[in-house]
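Visitor:
In my numbering, the protein residues as written are 1160 to 1258.
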């Protein structure tokens, strides 16, 4: 019985001392995920999978806008460039679909 109490206390201490499984992501971490999405979109676009590419680009653009709003001082030139890049890609995909 005493062993069970000690074991339960030990388990509780381990749970309390464990680091958070979801630490706050830095803007750099967020941007890296966005950059990977953009590259995936480019690969899909180049292989003719236009609707999947559009989905990746839209998702990346939404995340990039969120990054810009939450961290306006973080690399504004890079963020602006990527927003334009994604906007152009989406515009080209829309134009290709309309033709």
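Each residue gets a CB set at the ideal place from its N, CA and C atoms; glycine is no exception. A quick note: this is a predicted structure, and the numbers were derived from the prediction, not measured.
With a cut-off of 8 Å on the beta carbons, I'd call residue 1197 and residue 1226 a contact; round off their distance for me.
Guide: So it is not a contact: roughly 13 Å between Cβ atoms.
Visitor: Count the other CB atoms within 10 Å of the CB of residue 1207; is the residue buried (16 or more) or exposed (fewer)?
Guide: exposed
Visitor: May I ask you to report which of helix, strand or coil DSSP gives residue 1218?
Guide: helix
Visitor: Mind checking whether residue 1199 and residue 1222 have CB atoms under 7 Å apart?
Guide: no
Visitor: Between 1229, 1219, 1213, which lies nearest to residue 1183 when the distance is taken from Cα to Cα?
Guide: The shortest Cα separation from residue 1183 among 1229, 1219, 1213 belongs to 1229.
Visitor: If residue 1213 and residue 1249 are in contact, beta carbons under 8 Å, what's the gap, nearest whole angstrom?
Guide: About 6 Å separates the Cβ atoms of residue 1213 and residue 1249, confirming a contact at the 8 Å cut-off.
Visitor: Using three-state DSSP, classify residue 1185 as helix, strand or coil.
Guide: coil
Visitor: State the DSSP-derived secondary structure class of residue 1211, mapped to helix, strand or coil.
Guide: helix
Visitor: Closer than 7 Å by C-beta to residue 1238: which residues in its own chain qualify, once you throw out the five before and the five after it? Chain order, please.
Guide: 1223, 1226, 1227
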